[in-house]
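Written below as structure tokens is the structure these notes are about.
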Amino acid sequence: MNQNEFIQIVNPFKDKVFRLAKRLLVSVEEAEDATQEVMVKLWTKNETLPNYNSVEALAMTMTKNYCLDQLKSKRASNLQLVHSNYSDRSPSVQKQVEDRDRWAWMEKAMGDLPEQQKLIVQLRDIEQYEYEEIASMLDMNETAIRVALSRARKALRDKMTKTENYGIA
Amino acid sequence: MELHKIESLLDKYFDGETSLAQERELQEYFTSPDVAQHLEQYRPMFGYFAKEKEQRFDGTLPLEPRKRKVVAWLSVAASVAVLLGVGKFAYDNLGSQTTPGDLGTYDNPELAMKETQKALDLLSGHFNKGVESVSYINEYEQSKDLVFKK
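If you're matching them up, the sequences are chains S and E in order. Numbering-wise (this note's numbering), the first sequence opens with residue 62 and increments by one. Numbering-wise (this note's numbering), the second sequence opens with residue 243 and increments by one.
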């Protein structure tokens, strides 16, 4: 496989890898590093890539593992990640300006979820993968994923309802 | 779309029982401009999910494996250089020191005598200094005898 072919394969999901990494690592720079790292790892495997039935699923699994490893070593060295990069584009409408504030709350609510729930919400509600695909990426069974997802969604709902009603979280 | 359908979809959604198509329907509804008042609270959730999906990775993909190899070889070269440096230093400095058995010698017996005396003087001088300080111990001996009379 040459470089161009590899890029053809990788292009459709490299944004997903980035978003998953950002969900877990929070900072844009770290997520970019993680994405590059995963892509390089994939590239070094390029001889064996055709043997996998879904390179995308493989990439997502690698991203998950890489990020969790990163987090583990971060925690060991007592580094705290601070999130300061809510991307804010597409304004113009009044309603959307209000939304931005609530999105920040959502981002915070998502940040408070346990890692596994974060992963599942990211893969399902944002990237819209089928349960089957998520199951193979995370090496879990579908029922466990549904249960965790339902829990995570309810937790998000509760947080958002609280914020909506009292303006606190 | 009928409101009760959305409501029942929402219930299923929170129980994790919706299909992707149904979830897309929900997302469509909640990102549209007219959301029912009592469902307003769910809007930010679906809006956020939709917004998050728009993020793009705009870094470059470093797919040049050679660069990494160059870096690896550089570090090998550097460590070899350091090793060579340390080796040469050790060889030059330790090698120039006299071997333990060879302490040098004098050809002139008179000079040798003088030097030997000088060395012995130095030795006895230091030795006496040592003995002087030991003589203080007698003080202790005396005061001890004062207390413990024989």
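Cβ coordinates follow ideal geometry from the N, Cα and C atoms, glycine included.
Put residue 152/S into one of helix, strand or coil per three-state DSSP.
Locating residue 152/S in the first sequence gives position 91, counting from the first residue. Summary for residue 152/S: the model assigns pLDDT 44, below 50, so the residue's position carries little reliability, and this model does not support an answer.
Taking the C-alpha atoms as reference points, what is the distance between residue 331/E and residue 305/E?
Taking the first residue of the second sequence as 1, we reach residue 331/E at position 89. Taking the first residue of the second sequence as 1, we reach residue 305/E at position 63. Going by C-alpha positions, residue 331/E is about 42 Å away from residue 305/E.
Does the beta carbon of residue 217/S sit closer than 8 Å to a beta carbon anywhere in chain E?
On the first sequence, position 156 is the one that residue 217/S refers to. Put simply, the CB of residue 217/S is near chain E, with a gap under 8 Å to one of its CB atoms.
Can you tell me whether residue 360/E is helix, strand or coil according to DSSP?
For the purposes of this step, residue 360/E is taken as residue 118 along the second sequence, with counting starting at 1. In this structure, residue 360/E counts as helix in the three-state DSSP scheme.
If you check the beta carbons only, do residue 291/E and residue 195/S fall under 8 Å apart?
If you number the second sequence from 1, residue 291/E lands on position 49. If you number the first sequence from 1, residue 195/S lands on position 134. For residue 291/E and residue 195/S, no; Cβs fall outside 8 Å.
Would you mind stating whether residue 125/S and residue 81/S have Cβ atoms separated by less than 8 Å?
Residue 125/S sits at position 64 when you count from the first residue of the first sequence. Residue 81/S sits at position 20 when you count from the first residue of the first sequence. Yes, they are a contact pair.
Using a cut-off of 8 Å between C-beta atoms, extract the partners of residue 255/E located in chain S.
Start at 1 with the first residue of the second sequence, and residue 255/E comes out as number 13. Residues of chain S with a Cβ closer than 8 Å to the Cβ of residue 255/E are, in chain order, 214.
Can you give me, in chain order, the residues of the region 92-124 of chain S that have a beta carbon less than 9 Å from any beta carbon in chain E?
Within the region 92-124 of chain S, the qualifying residues are 92, 93, 94, 96, 97, 100, 101, 104 and 105.
Taking 8 Å as the cut-off, decide whether the C-beta atoms of residue 215/S and residue 256/E are in contact.
Sequence index remark: in the first sequence, residue 215/S carries index 154 (1-based). Sequence index remark: in the second sequence, residue 256/E carries index 14 (1-based). Cβ distance < 8 Å, so residue 215/S and residue 256/E count as in contact.
Between residue 301/E and chain S, is any beta-carbon pair separated by less than 8 Å?
As a first step, residue 301/E is located in the second sequence; it is residue number 59 there, counting from the start. Chain S, which has a Cβ nearer than 8 Å to the Cβ of residue 301/E, makes this yes.
With DSSP run on the structure shown, which of helix, strand or coil describes residue 189/S?
Within the first sequence, the letter at position 128 stands for residue 189/S. Three-state result, residue 189/S: coil.
Taking only the alpha-carbon atoms, compute the straight-line gap between residue 151/S and residue 325/E and give it to the nearest angstrom.
Within the first sequence, numbered from 1, the residue matching residue 151/S stands at position 90. Within the second sequence, numbered from 1, the residue matching residue 325/E stands at position 83. Only weak support exists for where residue 151/S lies, its pLDDT of 48 falling under 50; the value from the coordinates is given anyway. Roughly 59 Å between the two C-alpha positions.
I'd like the span of the alpha helix (DSSP H) that includes residue 97/S, first residue to last.
Taking the first sequence and counting its residues from 1, the one referred to as residue 97/S is at position 36. Counting along the chain, the alpha helix (DSSP H) containing residue 97/S begins and ends at 89-105.
Along the alpha helix (DSSP H) that carries residue 255/E, what are the first and last residues, could you check?
Looking up residue 255/E in the second sequence gives position 13. First-last of the alpha helix (DSSP H) with residue 255/E: 245-256.
Taking any Cβ of chain S, which residues in the region 279-304 of chain E have a Cβ under 7 Å from it, in chain order?
283, 286, 287, 289, 290, 291, 293, 294, 295, 297, 298, 299, 301, 303 and 304
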